[in-house]
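Asker:
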Amino acid sequence: MIAQERLLSPRRERAGAAQANLSRTEPIVPFSHAATSMGGRLVIHLDADSERRREGGRATAEAVARIESWAARLTRHSSTSDLSILNADPADEVSVRPTLAAALRAGRIATESSEGLTDITLLDARLAAEGANGGQPGAVPEAGASRAFDWSIAPGRHGSGIVRRPPGLRFDLDGVGKGWIADRALRFLAAWPSVVIDADGDLAIRCAAGRTWEVAVDDPRAPDTSLAVLRLTATHGVPGRWGVATSGISIHRWTVDGQARHHLIDPRSGLPAVTDVIQATVVASSALRAETLAKAAVIAGSWAGLALLERARVQGAVILTDRGDVLAPPQTLALLGN
Amino acid sequence: MSDLESLQPPVSPLVRRAPSPAAAHAPKAKPDPRPMRIALGAGGLAALSALLTAIVMPPAKPMVQAPIADDPQNGQGAQQPPAGPGSTPGSTPGSVQRPVQYVQLLPGETAPPGARVIDATAAPGNATAATPAAGKKSASGAAKARPPAQKPGGAVTATAPPAAQPVAQPVPQATPQPVAVAATVAPPAPAPTPIVIKTTQSGKVVP
Numbered sequence: 005m006i007a008q009e010r011l012l013s014p015r016r017e018r019a020g021a022a023q024a025n026l027s028r029t030e031p032i033v034p035f036s037h038a039a040t041s042m043g044g045r046l047v048i049h050l051d052a053d054s055e056r057r058r059e060g061g062r063a064t065a066e067a068v069a070r071i072e073s074w075a076a077r078l079t080r081h082s083s084t085s086d087l088s089i090l091n092a093d094p095a096d097e098v099s100v101r102p103t104l105a106a107a108l109r110a111g112r113i114a115t116e117s118s119e120g121l122t123d124i125t126l127l128d129a130r131l132a133a134e135g136a137n138g139g140q141p142g143a144v145p146e147a148g149a150s151r152a153f154d155w156s157i158a159p160g161r162h163g164s165g166i167v168r169r170p171p172g173l174r175f176d177l178d179g180v181g182k183g184w185i186a187d188r189a190l191r192f193l194a195a196w197p198s199v200v201i202d203a204d205g206d207l208a209i210r211c212a213a214g215r216t217w218e219v220a221v222d223d224p225r226a227p228d229t230s231l232a233v234l235r236l237t238a239t240h241g242v243p244g245r246w247g248v249a250t251s252g253i254s255i256h257r258w259t260v261d262g263q264a265r266h267h268l269i270d271p272r273s274g275l276p277a278v279t280d281v282i283q284a285t286v287v288a289s290s291a292l293r294a295e296t297l298a299k300a301a302v303i304a305g306s307w308a309g310l311a312l313l314e315r316a317r318v319q320g321a322v323i324l325t326d327r328g329d330v331l332a333p334p335q336t337l338a339l340l341g342n
Numbered sequence: 027m028s029d030l031e032s033l034q035p036p037v038s039p040l041v042r043r044a045p046s047p048a049a050a051h052a053p054k055a056k057p058d059p060r061p062m063r064i065a066l067g068a069g070g071l072a073a074l075s076a077l078l079t080a081i082v083m084p085p086a087k088p089m090v091q092a093p094i095a096d097d098p099q100n101g102q103g104a105q106q107p108p109a110g111p112g113s114t115p116g117s118t119p120g121s122v123q124r125p126v127q128y129v130q131l132l133p134g135e136t137a138p139p140g141a142r143v144i145d146a147t148a149a150p151g152n153a154t155a156a157t158p159a160a161g162k163k164s165a166s167g168a169a170k171a172r173p174p175a176q177k178p179g180g181a182v183t184a185t186a187p188p189a190a191q192p193v194a195q196p197v198p199q200a201t202p203q204p205v206a207v208a209a210t211v212a213p214p215a216p217a218p219t220p221i222v223i224k225t226t227q228s229g230k231v232v233p
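The listed protein sequences correspond, in order, to chains F and D.
Going by this note's numbering, the first residue of the first sequence is number 5, and it counts up by one from there.
Going by this note's numbering, the first residue of the second sequence is number 27, and it counts up by one from there.
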């Protein structure tokens with residue numbers, strides 16, 4: 005771990021941008037396409053010169069349409085989505101279509117890579133935390149009875165899958181779905197060597213050799229400030245591929261019966277996680293992995309979370325605690341642009 | 027023997043005896059090679075000189091029709107095709123080539139009398155205005171007679187005053203003179219601002 009002073013102290017982004025301009029390589033000035041999707045912002049950044057910007061506009065518009073299509077199948081906020089149909093089915097063995105099957109497989113991988121802390125089977129606990137059903141826990145498992153590994157998905161025909169689960173187990177892809185969609189959208193734009201898919205703060209990044217993307221880590225304590233600026237540069241003549249994701253408890257929080265609640269459920273308790281981490285940002289090999297580990301670090305707490313990130317061999321992380329400390333594993337220093 | 031001699035045909039006095047081998051290899055008188063050598067040498071030098079000239083000389087720059095000679099309102103100038111190397115588009119046997127100078131004005135400065143505003147990017151680096159010979163009135167001449175116009179946003183230009191001296195047919199002897207002072211005022215393009223890509227918690231409103 006490195007001390008807080010080695011990281012960027014909260015400061016104005018404008019100063020950060022000016023300082024970044026003096027660094028080794030100029031950051032990419034991208035062509036950006038912004039939209040609203042998945043309940044938040046969706047921005048696609050392309051490293052496109054002026055000659056290719058029209059082509060880039062078409063490509064990003066197609067990507068946004070594809071993202072909308074995927075999101076429509078994976079959201080729990082629509083009764084007609086594939087996910088909602090699965091959750092409404094009382095059977096314990098259900099066939100699902102390819103997109104949902106792939107996302108559920110990604111959720112399974114997320115659970116395994118986070119040592120069980122990122123669990124996509126906690127929809128009822130999430131709804132209970134939000135105060136739905138009168139705040140009753142519903143199907144929330146008892147403490148210590150996590151069902152994160154109690155389900156499976158078998159391959160079906162033509163990319164579909166067959167979900168086998170305990171009766172009543174329902175899914176909520178949430179950030180895992182966003183990370184999976186961001187990674188898939190990045191593959192959709194494979195013709196562009198330098199791309200960033202910003203799925204409401206979770207980033208899937210590809211960078212051509214010799215190019216640099218700069219990513220600011222938001223400071224939730226004050227607007228327009230950042231905890232750090234990460235410089236993601238593809239070196240050694242090969243393109244770079246990263247995922248950068250941030251998870252925390254300072255945005256989605258509310259009060260139920262006088263008790264503070266937030267949306268990150270600890271699968272060990274079925275309740276909102278009790279943690280000293282306000283926010284965790286992780287740099288990993290994909291947006292899915294980064295999102296998974298960032299959420300796990302928040303749920304686990306600062307010290308256990310850092311240990312988990314070390315075991316997962318992430319490329320970098322920035323953790324803000326409720327004490328105001330900004331913590332990061334040592335390898336993060338290689339990514340700091342200041 | 028006398029009988030045999032009598033059997034030989036008589037030899038005509040017109041028939042010449044074949045020369046002996048020794049006589050066939052006798053040296054023959056040749057023409058003098060020096061004039062031919064001199065001629066070939068001179069020709070070779072001329073060809074070599076022409077080759078060297080073609081190699082060393084830079085290619086002729088194409089003459090560009092000056093936008094000042096074009097009237098943007100009638101669009102005739104815009105319809106002129108670009109000239110090829112070595113050609114002088116718009117020039118006729120009775121025309122005078124006039125160089126046009128483009129001058130950049132600082133922000134706040136105004137175009138001088140007779141100058142016309144053009145777009146900052148429209149001024150070519152090497153321009154020539156073709157002024158028709160006396161008796162010919164062209165669109166460029168009409169454009170020169172117009173008062174200067176100031177384009178918002180910056181760019182300025184120049185206009186050529188009308189030709190003062192009458193040019194006699196068929197070929198004018200007047201020396202080329204600067205025709206116009208073009209001015210260009212273009213504010214420097216702002217440097218692109220790097221977009222700060224930010225990773226946030228989901229649901230964070232980022233301006």
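Beta carbons are placed, not taken as given, at the ideal position from N, Cα and C, and that holds for glycine.
Give me the Cα-Cα distance between Gln283(F) and Ile113(F), rounded to the nearest whole angstrom.
Answerer: Reading the first sequence from its first residue, position 279 is the one you call residue 283(F). Reading the first sequence from its first residue, position 109 is the one you call residue 113(F). Going by the C-alpha atoms only, they are around 23 angstroms apart.
Asker: Can you tell me which of Pro171(F), Ala106(F), Gly135(F) puts its alpha carbon nearest to the alpha carbon of Gly183(F)?
Answerer: Here residue 183(F) corresponds to residue number 179 of the first sequence, with the count starting at 1. Of the candidates Pro171(F), Ala106(F), Gly135(F), the one whose C-alpha sits nearest the C-alpha of Gly183(F) is Ala106(F).
Asker: Apart from the five residues just before and just after Arg101(F), which ones in its own chain have a Cβ nearer than 6 angstroms to its Cβ?
Answerer: The sequence position of residue 101(F) within the first sequence is 97, counting from 1. So the qualifying residues of the chain are Asp86, Ser164.
Asker: Which of helix, strand or coil does DSSP assign to Ser289(F)?
Answerer: Within the first sequence, the letter at position 285 stands for residue 289(F). Reduced to three states, the DSSP call for Ser289(F) is coil.
Asker: Take the Cβ of Thr84(F) as the centre, count every other Cβ of all protein chains shown within 10 Å, and call the residue buried at 16 or more, exposed below.
Answerer: Counted from its first residue, the first sequence places residue 84(F) at position 80. Per the 10 Å Cβ criterion, exposed.
Asker: So which of Ala63(F), Thr122(F), Leu339(F) has the shortest CA-CA distance to Ala181(F)?
Answerer: Within the first sequence, residue 181(F) is the residue found at index 177, counting from 1. Per the sequence shown, the amino acid found at residue 181(F) is Gly instead of Ala. The shortest Cα separation from Gly181(F) among Ala63(F), Thr122(F), Leu339(F) belongs to Thr122(F).
Asker: Hey, which unbroken runs of the alpha helix (DSSP H) at 4 residues or more fall wholly within the region 228-309 of chain F?
Answerer: Qualifying alpha helix (DSSP H) stretches, in chain order: 291-304.
Asker: Given a cut-off of 8 angstroms on the beta-carbon distance, is the pair Leu173(F) and Asp154(F) in contact?
Answerer: Within the first sequence, numbered from 1, the residue matching residue 173(F) stands at position 169. Within the first sequence, numbered from 1, the residue matching residue 154(F) stands at position 150. Contact: yes.
Asker: Could you name each continuous beta strand (DSSP E) segment of 3 residues or more that falls completely within the region 195-230 of chain F, going from the start of the chain to the end?
Answerer: As far as the region 195-230 of chain F is concerned, its whole beta strand (DSSP E) runs of at least 3 residues are 199-203, 206-211, 216-222.
Asker: In whole angstroms, what separates the C-alpha of Pro174(D) from that of Ile144(D)?
Answerer: Mapped onto the second sequence, residue 174(D) falls at position 148. Mapped onto the second sequence, residue 144(D) falls at position 118. Note that Pro174(D) scores a pLDDT of 41, beneath 50, so its modelled location is shaky and nothing firm can be said.
Asker: Please report whether the beta-carbon of Asp222(F) lies at a distance below 8 angstroms from any beta-carbon of chain C.
Answerer: No chain C appears in the structure shown, which is made up of the protein chains F and D.
Asker: With DSSP run on the structure shown, which of helix, strand or coil describes Gly120(F)?
Answerer: As a working mapping, residue 120(F) is identified with position 116 in the first sequence. DSSP places Gly120(F) in coil when its eight states are reduced to three.
Asker: With a threshold of 16 other CB atoms inside 10 Å of the CB of Ile64(D), please say whether the residue is buried or exposed.
Answerer: Taking the second sequence and counting its residues from 1, the one referred to as residue 64(D) is at position 38. Classification of Ile64(D): exposed, given that the 10 Å Cβ count is below 16.
Asker: In chain order, what residues of the same chain lie with their CB nearer than 7 angstroms to the CB of Glu314(F), ignoring the 5 residues before and after it?
Answerer: For the purposes of this step, residue 314(F) is taken as residue 310 along the first sequence, with counting starting at 1. Pro333.
Asker: Using the C-alpha atoms, what's the distance from Cys211(F) back to Ile81(D)?
Answerer: Taking the second sequence and counting its residues from 1, one reaches residue 81(D) at position 55. Taking the first sequence and counting its residues from 1, one reaches residue 211(F) at position 207. So the two alpha carbons sit approximately 47 angstroms from each other.
Asker: Using DSSP with H/G/I as helix, E/B as strand and the rest coil, what is Ala141(D)?
Answerer: Reading the second sequence from its first residue, position 115 is the one you call residue 141(D). Ala141(D): coil per DSSP, three-state reduction.
Asker: Against chain D, with Cβ distances strictly below 8 angstroms, would Val248(F) count as a contact?
Answerer: As a position in the first sequence, residue 248(F) is number 244, starting the count at 1. Yes, because at least one Cβ of chain D sits closer than 8 angstroms to the Cβ of Val248(F).
Asker: Tell me whether Leu131(F) sits in a helix, a strand or coil according to DSSP, three-state version.
Answerer: For this step, residue 131(F) is matched to residue 127 along the first sequence. Leu131(F) falls in the helix class under three-state DSSP.
Asker: Taking a contact to mean a Cβ-Cβ separation below 8 angstroms, would you say Ala67(F) touches Ile48(F) in this structure?
Answerer: Sequence index remark: in the first sequence, residue 67(F) carries index 63 (1-based). Sequence index remark: in the first sequence, residue 48(F) carries index 44 (1-based). Their beta carbons are under 8 angstroms apart, which means Ala67(F) touches Ile48(F) by this criterion.
Asker: Is any beta-carbon of chain F found at less than 8 angstroms from that of Ile144(D)?
Answerer: As a working note, residue 144(D) is residue 118 in the second sequence. Cβ-Cβ to chain F under 8 angstroms: no for Ile144(D).
Asker: If you measure between the beta carbons of Leu231(F) and Val318(F), is that distance less than 8 angstroms?
Answerer: Position 227 of the first sequence holds residue 231(F). Position 314 of the first sequence holds residue 318(F). It is not a contact, given that the beta carbons lie outside the stated cut-off.
Asker: Are there 16 or more other CB atoms within 10 angstroms of the CB of Asp261(F), so buried, or fewer, so exposed?
Answerer: Taking the first sequence and counting its residues from 1, one reaches residue 261(F) at position 257. Looking at its Cβ environment, which holds fewer than 16 other Cβ atoms inside 10 Å, Asp261(F) is exposed.
Asker: Determine the DSSP secondary structure at Phe153(F), reduced to helix, strand or coil.
Answerer: As a first step, residue 153(F) must be located in the first sequence, where it is residue number 149. Here Phe153(F) sits in coil by DSSP.
Asker: What's the gap between the Cα of Trp217(F) and the Cα of Gly247(F)?
Answerer: One-based indexing of the first sequence puts residue 217(F) at position 213. One-based indexing of the first sequence puts residue 247(F) at position 243. The alpha-carbon atoms of Trp217(F) and Gly247(F) are separated by roughly 12 angstroms.
Asker: Once you ignore the five residues that flank Ala298(F) on each side, which residues in its own chain have a CB closer than 7 angstroms to its CB?
Answerer: Position 294 of the first sequence, counted from the start, is the residue given in the question as residue 298(F). Closer than 7 angstroms at Cβ, skipping near neighbours: Ala249, Thr250, Ser251, Ala284, Thr285, Val286.
Asker: Could one say the Cβ of Gly229(D) lies closer than 8 angstroms to chain F's Cβ atoms, at least one of them?
Answerer: Residue numbering aside, residue 229(D) sits at position 203 when the second sequence is read from its first letter. So yes, Gly229(D) belongs to the interface.
Asker: Would you please verify whether the beta carbon of Gly320(F) is less than 8 angstroms from any beta carbon of chain D?
Answerer: Along the first sequence, one-based indexing puts residue 320(F) at 316. Taking Cβ atoms only, chain D never reaches closer than 8 angstroms to Gly320(F), which makes this a no.
Asker: According to DSSP, what are the bridge partners of Gly44(F)?
Answerer: As a first step, residue 44(F) must be located in the first sequence, where it is residue number 40. For Gly44(F), which the question treats as bridged, DSSP gives the partners Ser41(F).
Asker: Taking the alpha-carbon of Ala203(F) as reference, which of Leu108(F), Val302(F), Arg188(F) has the nearest alpha-carbon?
Answerer: Start at 1 with the first residue of the first sequence, and residue 203(F) comes out as number 199. Among Leu108(F), Val302(F), Arg188(F), the Cα nearest to that of Ala203(F) is on Arg188(F).
Asker: Below 8 angstroms on the Cβ atoms is my contact criterion, and I expect Thr40(F) with Arg77(F) to pass it. Report the Cβ-Cβ distance as a whole number of Å.
Answerer: Position 36 of the first sequence holds residue 40(F). Position 73 of the first sequence holds residue 77(F). That pair is no contact at about 18 angstroms.
Asker: Quick one: does Gln310(F) have its CB under 8 angstroms from some CB of chain D?
Answerer: Locating residue 310(F) in the first sequence gives position 306, counting from the first residue. The displayed chain sequence assigns Leu, not Gln, to residue 310(F). Not an interface residue.
Asker: Would a check of beta-carbon distances place Glu59(F) closer than 8 angstroms to chain D?
Answerer: If you number the first sequence from 1, residue 59(F) lands on position 55. No, its Cβ sits nowhere closer than 8 angstroms to a Cβ of chain D.
Asker: Rounded to whole angstroms, what is the Cα-Cα separation between Thr64(F) and Pro197(F)?
Answerer: Translated into the one-based positions of the first sequence, residue 64(F) becomes position 60. Translated into the one-based positions of the first sequence, residue 197(F) becomes position 193. If you take the alpha carbons of Thr64(F) and Pro197(F), they lie about 14 angstroms apart.
Asker: Would you mind stating whether Val278(F) and Ile323(F) have Cβ atoms separated by less than 8 angstroms?
Answerer: Reading the first sequence from its first residue, position 274 is the one you call residue 278(F). Reading the first sequence from its first residue, position 319 is the one you call residue 323(F). No, the Cβ-Cβ distance between Val278(F) and Ile323(F) is not below 8 angstroms.
Asker: So with CB distances below 7 angstroms, who are the chain D contacts of Asp53(F)?
Answerer: The residue labelled residue 53(F) in the question sits at position 49 within the first sequence. Correct list: empty, because the minimum Cβ distance to chain D is about 11 angstroms.
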